[in-house]
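Protein chains in written order, with the working numbering: chain C, 11 to 420; chain L, 11 to 420.
Here a beta-carbon is modelled for each residue, glycine too, at the ideal position from N, C-alpha and C.
Since this is a predicted model, take the numbers as computed values, not measurements.
Below is one structure, written out as structure tokens, with a few remarks after it.
2 protein chains.
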Amino acid sequence: MSYIAASLDAEDPLARLRDHFQLPQGVIYLDGNSLGALPRSVSAAVKDLVERQWGEDLISSWNTHDWIRLPTSVGERIAPLIGAGPGQVLCADSISVNLFKLLATGLDLNGPRRVILTVEDDFPTDTYIAQGLAGLLGEAHCEIRRVPASELTSALNEDVAVLMLTEVNYRSGERHDMQELTEAAHAVGALVLWDLAHSAGVVPLELDALDVDMAVGCGYKYFNGGPGAPAFLYVNKRHQAKARQPLSGWLGHRAPFTFDPDYVAAEGVQQYQAGTPAIISMVALNAALNVFEQVTMEQIRTKSIALTEFFMQGLMSRGLLQTLVCLTPSEAARRGSQVSVSHAQSWGLSQALIEARVIVDFRAPDILRFGFSPLYNSFTDAERALDTLASILADKRYLQDRFVDRPTVT
Amino acid sequence: MSYIAASLDAEDPLARLRDHFQLPQGVIYLDGNSLGALPRSVSAAVKDLVERQWGEDLISSWNTHDWIRLPTSVGERIAPLIGAGPGQVLCADSISVNLFKLLATGLDLNGPRRVILTVEDDFPTDTYIAQGLAGLLGEAHCEIRRVPASELTSALNEDVAVLMLTEVNYRSGERHDMQELTEAAHAVGALVLWDLAHSAGVVPLELDALDVDMAVGCGYKYFNGGPGAPAFLYVNKRHQAKARQPLSGWLGHRAPFTFDPDYVAAEGVQQYQAGTPAIISMVALNAALNVFEQVTMEQIRTKSIALTEFFMQGLMSRGLLQTLVCLTPSEAARRGSQVSVSHAQSWGLSQALIEARVIVDFRAPDILRFGFSPLYNSFTDAERALDTLASILADKRYLQDRFVDRPTVT
Chain C
11 MSYIAASLDA EDPLARLRDH FQLPQGVIYL DGNSLGALPR SVSAAVKDLV
61 ERQWGEDLIS SWNTHDWIRL PTSVGERIAP LIGAGPGQVL CADSISVNLF
111 KLLATGLDLN GPRRVILTVE DDFPTDTYIA QGLAGLLGEA HCEIRRVPAS
161 ELTSALNEDV AVLMLTEVNY RSGERHDMQE LTEAAHAVGA LVLWDLAHSA
211 GVVPLELDAL DVDMAVGCGY KYFNGGPGAP AFLYVNKRHQ AKARQPLSGW
261 LGHRAPFTFD PDYVAAEGVQ QYQAGTPAII SMVALNAALN VFEQVTMEQI
311 RTKSIALTEF FMQGLMSRGL LQTLVCLTPS EAARRGSQVS VSHAQSWGLS
361 QALIEARVIV DFRAPDILRF GFSPLYNSFT DAERALDTLA SILADKRYLQ
411 DRFVDRPTVT
Chain L
11 MSYIAASLDA EDPLARLRDH FQLPQGVIYL DGNSLGALPR SVSAAVKDLV
61 ERQWGEDLIS SWNTHDWIRL PTSVGERIAP LIGAGPGQVL CADSISVNLF
111 KLLATGLDLN GPRRVILTVE DDFPTDTYIA QGLAGLLGEA HCEIRRVPAS
161 ELTSALNEDV AVLMLTEVNY RSGERHDMQE LTEAAHAVGA LVLWDLAHSA
211 GVVPLELDAL DVDMAVGCGY KYFNGGPGAP AFLYVNKRHQ AKARQPLSGW
261 LGHRAPFTFD PDYVAAEGVQ QYQAGTPAII SMVALNAALN VFEQVTMEQI
311 RTKSIALTEF FMQGLMSRGL LQTLVCLTPS EAARRGSQVS VSHAQSWGLS
361 QALIEARVIV DFRAPDILRF GFSPLYNSFT DAERALDTLA SILADKRYLQ
411 DRFVDRPTVT
């Protein structure tokens, strides 16, 4: 088995990319779906930004180092990685804040419809933000409908203004069929808003080709942009002339530096900027994107499928599925880049794995997630994680006292 | 004159603090009201954050390095600098996004009133955000009234839900009387929302003592937190039990990591978090606040008044006010920490000053701003700026071709 992992690594065309990341010695890091590892390019870029651009060039850097265009230029670097042509992607704020902008846009574009449709197990912030918007607008203007994923297509009707979905489920790793659901939504006149938090940077996407209306995504998971890296958003060109969003801060104004008394939205996706962007964090994300110039999304996806397949087969061949329930679809096309299992003592298991330096994460109430980042994870990583998991399940150390207390924040 | 500046610097108890900042050689930096200079403490803090916390400790840093509490802990460090007791200040998002949260809170708390009152020359993003909210809610639920500053008290009536004002005007440097206006607003049952962008870190504030309802402020001006540093917001304790805000992202939830299907607001000011915070930028701001532990706001204000006074007297004694119009009040209590002048060729003047390494900024259509940061600016800085300005006005080099073209972004 060790021979197989080693030979898969030896044949892996992406193996050389691991050197672009700073990974701690002796750690198997399988949590890039929560926080991507540190790309080596980031340290130098952040140091230059702080010490030279800010420290020496000070305020002039907004022009001389083009800080003012960073939300656009980082957006344009993300665009080809998600199948978007130019002028549609902007780096800004957080996913939560961007969801608010786009849900408001969607209700406005598709009025008098007032329904936001989503699934029961979507990532909480998506629903929470829809609830915040609905609370602000009142029931007469916004209603949220949540259905099981299996009932989505039947729930899609001419009431629906916006279908909002996270493509890859954060708990199970299961993917929605983006093409089918986008077409089904459009067939009843609904707009789609895709949350790409667990897709962007690891799953090839075709936003333009599928005629997706709007999307948001994350900078700190598979793009490795650092903790709390700014998020991105996508607004399809065909909506931009009519689209409006309510977080109309000065940098979304057509001419921010004329200081006009009234807001006039910038043309295109630029109007989705609100306030002054967090430049240091955005420069880190910008540097983290460099590695994507050396690889195609198809290569990343091929390795992602191979890693998750290897891991799932290992769970089976080691007999671990007698104890664990695998929640992630075995059909490759239906999963993202994580493998999730459930177990009554998942919290203890996660802590025992972390103690053994296999970094995974726990999601309440009983899920253990193994995230695979093809840019830096190897087949040997997957195998060592399997070995460690098997050993912990065998000796039941996850039941020991030190793994019992679960803090409120994980 | 040079002797006077030098002796004022020699007697300045804050002069030693200049060493805490990295300032480029030979530059007189008078633009800390746009972007504060780099505190030396920041480089090491950011390097540690990136290379050790993110790079080595990875996802565990949310707990082990308490990233999860940063919005609160940075907020609590800002609190005493603005006269706020604990549990009322949060570091989050941008001023624009925070204004949206708080204006919505204010309308909700003070319904059925629907009027947001402000002044005609408030900073644009404040009005723009109010316009975005009004556009979303519709006229029946939100109306914006803008009046000249001189008419504010007469415009305060029982229609007004929220009085929103920037304490120090970004163009003129003139201060509103926070106590008088807060009392006048409360007398008619209106809430007040103060924008402290040009006050926090340079003007002593007494939010609690004045019973201010809500406030926002900036991390990258007088707090020197770096380009696009996260902003902060204040919500008075007496409103927190009833306050609600619509950007209800997961980190504002009472228990974000239980992943409840429905949003339940966190207690206190924590509900004003929306998405995942930009940790790298927030750590820079946190380090920048260190220098405030060595000084009181009263000391800062004393030096701020002395610097602006010195500069304004210099404008007069050199005869420069025959050419320039000073827009900043001569009465110390009525101004912030900048001196603004107008001139038909202010753009050319600003560029000629910058070429001579006196960094100031221009604000359309005709304003030149000299910002004084008492933590690092000296009386010698002020004098050299005066000398340079006098020389440029005398030889009229600001009329030369190279200073004519004004780019769209400044």
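Can you tell me which of the options puts its alpha carbon nearest to the alpha carbon of residue i?
{"i": "P384(C)", "options": "A343(C), T312(C) and K406(C)", "result": "T312(C)"}
{"i": "V99(L)", "options": "Q355(L), D132(L), I105(L) and E86(L)", "result": "E86(L)"}
{"i": "D371(L)", "options": "D103(C), I69(C) and G121(C)", "result": "I69(C)"}
{"i": "G236(L)", "options": "R28(L), V56(L) and R62(L)", "result": "V56(L)"}
{"i": "G381(C)", "options": "S17(C), Q32(C), I14(C) and G42(C)", "result": "G42(C)"}
{"i": "S209(L)", "options": "C228(L), Q35(L), R28(L) and I78(L)", "result": "C228(L)"}
{"i": "G116(L)", "options": "Q323(L), T333(L), C152(L) and G97(L)", "result": "C152(L)"}
{"i": "W357(L)", "options": "Q410(L), R367(L), W72(L) and L378(L)", "result": "L378(L)"}
{"i": "R79(L)", "options": "G262(L), V335(L), T176(L) and L330(L)", "result": "G262(L)"}
{"i": "I88(C)", "options": "E149(C), R373(C), M307(C) and P339(C)", "result": "M307(C)"}
{"i": "R156(L)", "options": "R62(L), A150(L), A165(L) and L33(L)", "result": "A165(L)"}
{"i": "N296(C)", "options": "T192(C), A219(C), V335(C) and L59(C)", "result": "L59(C)"}
{"i": "E341(L)", "options": "A294(L), R26(L) and F320(L)", "result": "F320(L)"}
{"i": "E21(C)", "options": "A316(C), R123(C), Q141(C) and R344(C)", "result": "A316(C)"}
{"i": "V212(C)", "options": "L396(C), P122(C) and N234(C)", "result": "N234(C)"}
{"i": "N246(L)", "options": "T390(L), M224(L) and L18(L)", "result": "M224(L)"}
{"i": "H186(C)", "options": "P122(C), L162(C), D169(C) and A102(C)", "result": "L162(C)"}
Quick check on residue i: does DSSP put it in helix, strand or coil?
{"i": "F413(L)", "result": "helix"}
{"i": "S51(C)", "result": "helix"}
{"i": "V172(C)", "result": "strand"}
{"i": "V222(C)", "result": "coil"}
{"i": "L201(L)", "result": "strand"}
{"i": "T420(L)", "result": "The predicted position of T420(L) is uncertain, since its pLDDT is 42 and thus under 50; a value taken from the coordinates is nonetheless stated next. T420(L): coil per DSSP, three-state reduction."}
{"i": "P23(L)", "result": "coil"}
{"i": "F267(C)", "result": "helix"}
{"i": "G148(L)", "result": "coil"}
{"i": "F302(C)", "result": "helix"}
{"i": "F380(C)", "result": "strand"}
{"i": "S71(C)", "result": "helix"}
{"i": "F31(C)", "result": "strand"}
{"i": "V213(L)", "result": "coil"}
{"i": "V421(L)", "result": "Since the first residue shown for chain L is 11 and the last is 420, residue 421(L) is missing from the structure and cannot be characterised."}
{"i": "L396(C)", "result": "helix"}
{"i": "L100(C)", "result": "strand"}
{"i": "F233(C)", "result": "coil"}
{"i": "N167(C)", "result": "coil"}
{"i": "Y386(L)", "result": "coil"}
Which whole-angstrom value is the C-beta distance of residue i and residue j, which I expect to be below 8 Å?
{"i": "T318(C)", "j": "S347(C)", "result": "6 Å"}
{"i": "A94(C)", "j": "Y244(C)", "result": "6 Å"}
{"i": "G278(L)", "j": "T135(C)", "result": "Incorrect: roughly 20 Å between the Cβ atoms, too far for contact."}
{"i": "L143(L)", "j": "P256(C)", "result": "6 Å"}
{"i": "S291(L)", "j": "S291(C)", "result": "5 Å"}
{"i": "L337(L)", "j": "S352(L)", "result": "6 Å"}
{"i": "A47(C)", "j": "Y386(C)", "result": "6 Å"}
{"i": "K231(L)", "j": "S51(L)", "result": "Their Cβ separation, rounded to whole angstroms, is 18 Å, which puts K231(L) and S51(L) out of contact at 8 Å."}
{"i": "A171(L)", "j": "L203(L)", "result": "A171(L) to L203(L), Cβ: 10 Å. No contact."}
Could you tell me which residues DSSP puts in a beta bridge with residue i?
{"i": "T128(C)", "result": "R156(C)"}
{"i": "Y39(C)", "result": "I369(C)"}
{"i": "G227(C)", "result": "F242(C)"}
{"i": "R345(C)", "result": "E184(C)"}
{"i": "S352(C)", "result": "V335(C) and I377(C)"}
{"i": "V178(L)", "result": "R185(L)"}
Closer than 9 Å, Cβ to Cβ, to anything on chain L: give me those residues from the region 97-110 of chain C, in chain order. D103, S104, I105, S106, V107, N108, L109 and F110
Beta carbons nearer than 8 Å to chain L: which residues of the region 355-386 of chain C have them? I364, I369, D371, R373 and A374
Against chain C: residues of the region 247-273 of chain L by CB proximity under 9 Å: R254, Q255, P256, L257, S258, G259, W260, L261, G262, H263, A265, P266, F267, T268, F269, D270, P271, D272 and Y273
For the region 135-151 of chain C, which residues have a beta carbon sitting closer than 8 Å to at least one beta carbon of chain L? T135, T137, Y138, I139, Q141, G142, L143, G145, L146 and L147
In the region 280-293 of chain L, which residues sit with their C-beta less than 7 Å from some C-beta in chain C, listed in chain order? A284, G285, T286, P287, A288, I289, I290 and S291
Chain C contacts made by the region 38-57 of chain L, where a contact means CB separation under 8 Å: Y39, D41, S44, L45, A47, L48, V52, S53, V56 and K57
Against chain L, which members of the region 214-247 of chain C pass a CB distance test of less than 8 Å? Y230, G236, P237, G238, A239, P240 and A241
Closer than 9 Å, Cβ to Cβ, to anything on chain C: give me those residues from the region 57-76 of chain L, in chain order. K57, L59, V60, E61, Q63, W64, G65, E66, D67, L68, I69, S70, S71, W72 and N73
Using a beta-carbon distance cut-off of less than 7 Å, what residues from the region 22-34 of chain C approach chain L? Q32 and P34
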